[in-house]
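One line per chain: the protein sequences are S and U, in this order.
Residue numbers for the first sequence follow our numbering, beginning at 40 and rising by one.
Residue numbers for the second sequence follow our numbering, beginning at 40 and rising by one.
Glycine is no exception: its CB is placed at the ideal position from the N, C-alpha and C atoms.
Single-structure report; data block below.
Protein chains: 2
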Amino acid sequence: MALTIRPVTSDDVELICEQRERLFRESNSPGRTEEVIRTQTTHFRPWLVQRLRDGSYFGYMLEDAGKPVAGIGLMLIEWPPGPTHPTSDKRGYVLNVFVEPSHRRQGLAAKLMALADSEFVRRGATYAILNATKMGRPLYEKLGWTATNEMAKTLR
Amino acid sequence: MALTIRPVTSDDVELICEQRERLFRESNSPGRTEEVIRTQTTHFRPWLVQRLRDGSYFGYMLEDAGKPVAGIGLMLIEWPPGPTHPTSDKRGYVLNVFVEPSHRRQGLAAKLMALADSEFVRRGATYAILNATKMGRPLYEKLGWTATNEMAKTLR
Numbered sequence: 040m041a042l043t044i045r046p047v048t049s050d051d052v053e054l055i056c057e058q059r060e061r062l063f064r065e066s067n068s069p070g071r072t073e074e075v076i077r078t079q080t081t082h083f084r085p086w087l088v089q090r091l092r093d094g095s096y097f098g099y100m101l102e103d104a105g106k107p108v109a110g111i112g113l114m115l116i117e118w119p120p121g122p123t124h125p126t127s128d129k130r131g132y133v134l135n136v137f138v139e140p141s142h143r144r145q146g147l148a149a150k151l152m153a154l155a156d157s158e159f160v161r162r163g164a165t166y167a168i169l170n171a172t173k174m175g176r177p178l179y180e181k182l183g184w185t186a187t188n189e190m191a192k193t194l195r
Numbered sequence: 040m041a042l043t044i045r046p047v048t049s050d051d052v053e054l055i056c057e058q059r060e061r062l063f064r065e066s067n068s069p070g071r072t073e074e075v076i077r078t079q080t081t082h083f084r085p086w087l088v089q090r091l092r093d094g095s096y097f098g099y100m101l102e103d104a105g106k107p108v109a110g111i112g113l114m115l116i117e118w119p120p121g122p123t124h125p126t127s128d129k130r131g132y133v134l135n136v137f138v139e140p141s142h143r144r145q146g147l148a149a150k151l152m153a154l155a156d157s158e159f160v161r162r163g164a165t166y167a168i169l170n171a172t173k174m175g176r177p178l179y180e181k182l183g184w185t186a187t188n189e190m191a192k193t194l195r
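Spelled out as structure tokens, the structure:
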């Protein structure tokens, strides 16, 4: 493999949307029907266009001989200072971690996650969160991530 | 009890900071030392002042004969549209849910949580999150909240 790393750019909109859809499709979580996945993309795409442009969505692509084979999205989100980050009003958020099936189990996700850690620290965040798929969870645990006490409710 | 409900205002800064500190103190979570709790308040207070002023932190106080006995904080946070809220780029966030020990087990927290649901729906959010203390969790479960797949990491 001749792996290269590059930051995501505004030209990656469709690639990121596609990786995100495949991620949700593979997660096999209840409620993630094709209809829901497509609807979220319809709304996620213009949201992403704007945030790639203003730099609030950033991240990396790994390419093998010029072909994208893995990606990660990063954001800094505003959050009240609290015990998990007592002096800071932001936390890192990791999303859209995706590795092509052909390139799995070769450490690419771990490489992307290490890039995330450094990039967050460089930008002043001391605490980061993510939403884990069942498949991703063991890897994140190995890299020092732990489950939080977050709960959620869908409102009618 | 002569309970009345009122929205939080900019005059509630110290009351909210105090309820938040007591909440963290009671949670007995690892790492929530007095020093950490006080440090977060030092940073949370000015953060709160600004957000009460611009309306991005809102919520309610319950008063018993004019004395505040319970409180809840609410925010709308920007979030990428995804399977949990496919058409919306925001989610509700519930924080600082506190009931005075003298007034517990009388349904006050459930009343505040019902107000949160309606307020979020009124503002167009269809999905909400919170961080539960061990004490709060059974109540939230009874009200339809479930644990998410969130993971976190403290960065060095």
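Closer than 9 Å to chain U by CB, residue i
{"i": "Asp128(S)", "result": "yes"}
{"i": "Met174(S)", "result": "no"}
{"i": "Leu170(S)", "result": "For clarity, residue 170(S) is Asn in the given sequence; the question names Leu instead. Interface residue, yes."}
{"i": "Gln79(S)", "result": "yes"}
{"i": "Phe83(S)", "result": "yes"}
{"i": "Glu117(S)", "result": "yes"}
{"i": "Asn67(S)", "result": "no"}
{"i": "Ile111(S)", "result": "no"}
{"i": "Gly94(S)", "result": "no"}
{"i": "Glu50(S)", "result": "First, the amino acid is wrong: residue 50(S) is Asp here, not Glu. Chain U, which has no Cβ nearer than 9 Å to the Cβ of Asp50(S), makes this no."}
{"i": "Leu87(S)", "result": "yes"}
{"i": "Pro122(S)", "result": "yes"}
{"i": "Glu139(S)", "result": "no"}
{"i": "Leu154(S)", "result": "no"}
{"i": "Leu134(S)", "result": "yes"}
Close beta carbons around residue i, own chain, < 8 Å, minus the five adjacent residues each side
{"i": "Met174(U)", "result": "Glu65, Ser66"}
{"i": "Leu54(U)", "result": "Met100, Pro107, Gly110"}
{"i": "Arg61(U)", "result": "Phe137"}
{"i": "Ser141(S)", "result": "Val108"}
{"i": "Tyr124(S)", "result": "The question names Tyr, yet the displayed sequence has His at residue 124(S). Cβ neighbours of His124(S) beyond the five flanking positions: Trp118, Arg130, Ala164, Thr165, Tyr166."}
{"i": "Arg95(S)", "result": "First, the amino acid is wrong: residue 95(S) is Ser here, not Arg. If we look at Ser95(S) and ignore the five residues flanking it on each side, its Cβ neighbours are Met114, Leu115."}
Other residues of its chain near residue i: CB distance less than 7 Å, five sequence neighbours each side excluded
{"i": "Val52(S)", "result": "Arg84, Leu87, Val88, Leu91"}
{"i": "Pro77(S)", "result": "The identity of residue 77(S) in the sequence shown is Arg, whereas the question assumes Pro. Correct list: empty, nothing qualifies."}
{"i": "Ser49(U)", "result": "Leu91, Arg92"}
{"i": "Phe156(S)", "result": "Per the sequence presented here, residue 156(S) reads as Asp, with Phe not at that position. No residues qualify anywhere along the chain."}
{"i": "Phe97(S)", "result": "Pro46, Val47, Leu113"}
{"i": "Glu139(U)", "result": "Val108, Ala109"}
{"i": "Arg162(S)", "result": "Leu115"}
Proximity test, Cβ basis, 9 Å: residue i and chain S
{"i": "Tyr99(U)", "result": "no"}
{"i": "Pro177(U)", "result": "no"}
{"i": "Lys192(U)", "result": "yes"}
{"i": "Gly105(U)", "result": "no"}
{"i": "Val160(U)", "result": "yes"}
{"i": "Phe167(U)", "result": "At residue 167(U) the sequence reads Ala, which differs from the Phe that was named. Answer yes: the Cβ-Cβ gap between Ala167(U) and chain S drops below 9 Å somewhere."}
{"i": "Thr43(U)", "result": "no"}
{"i": "Arg195(U)", "result": "yes"}
{"i": "Glu53(U)", "result": "no"}
{"i": "Glu57(U)", "result": "no"}
{"i": "Arg61(U)", "result": "no"}
{"i": "Glu73(U)", "result": "no"}
{"i": "Leu151(U)", "result": "no"}
{"i": "Ala148(U)", "result": "no"}
{"i": "Glu180(U)", "result": "yes"}
{"i": "Pro235(U)", "result": "This structure leaves residue 235(U) out entirely; chain U is present only between 40 and 195."}
Integer-rounded CB distance, given that residue j should sit under 8 Å from residue i
{"i": "Leu101(S)", "j": "Lys150(S)", "result": "7 Å"}
{"i": "Thr126(S)", "j": "Ala191(U)", "result": "Their Cβ separation, rounded to whole angstroms, is 17 Å, which puts Thr126(S) and Ala191(U) out of contact at 8 Å."}
{"i": "Pro122(S)", "j": "Gly70(U)", "result": "6 Å"}
{"i": "Asp103(S)", "j": "Leu42(S)", "result": "6 Å"}
{"i": "Thr187(S)", "j": "Glu189(U)", "result": "5 Å"}
{"i": "Gln79(S)", "j": "Pro120(U)", "result": "5 Å"}
Contacting residues, own chain, Cβ-Cβ under 6 Å from residue i (five flanking each side not counted)
{"i": "Leu182(U)", "result": "Met152"}
{"i": "Val75(S)", "result": "none"}
{"i": "Thr172(U)", "result": "Ser66"}
{"i": "Phe159(U)", "result": "Gly131, Ala167"}
{"i": "Leu134(U)", "result": "Gly112"}
Residue i: CB within 8 Å of a non-hydrogen atom of the ligand ZN
{"i": "Pro85(S)", "result": "Within the structure as shown, the ligand ZN is missing, as the structure has no ligands at all."}
Checklist entry - If you scan the segment 118-194 of chain U from start to end, which runs of the beta strand (DSSP E) of 3 or more residues do you find wholly inside it? => result 129-138, 166-170, 189-193
Checklist entry - Okay, do the segment 119-137 of chain U and the segment 160-168 of chain U touch, 3+ Cβ pairs below 8 Å being the bar? => result yes
Next on the checklist: Quick check on the DSSP output: what are the complete alpha helix (DSSP H) runs of length 4 or more inside the segment 45-128 of chain U, in order along the chain?
Outcome noted: 52-66, 73-93
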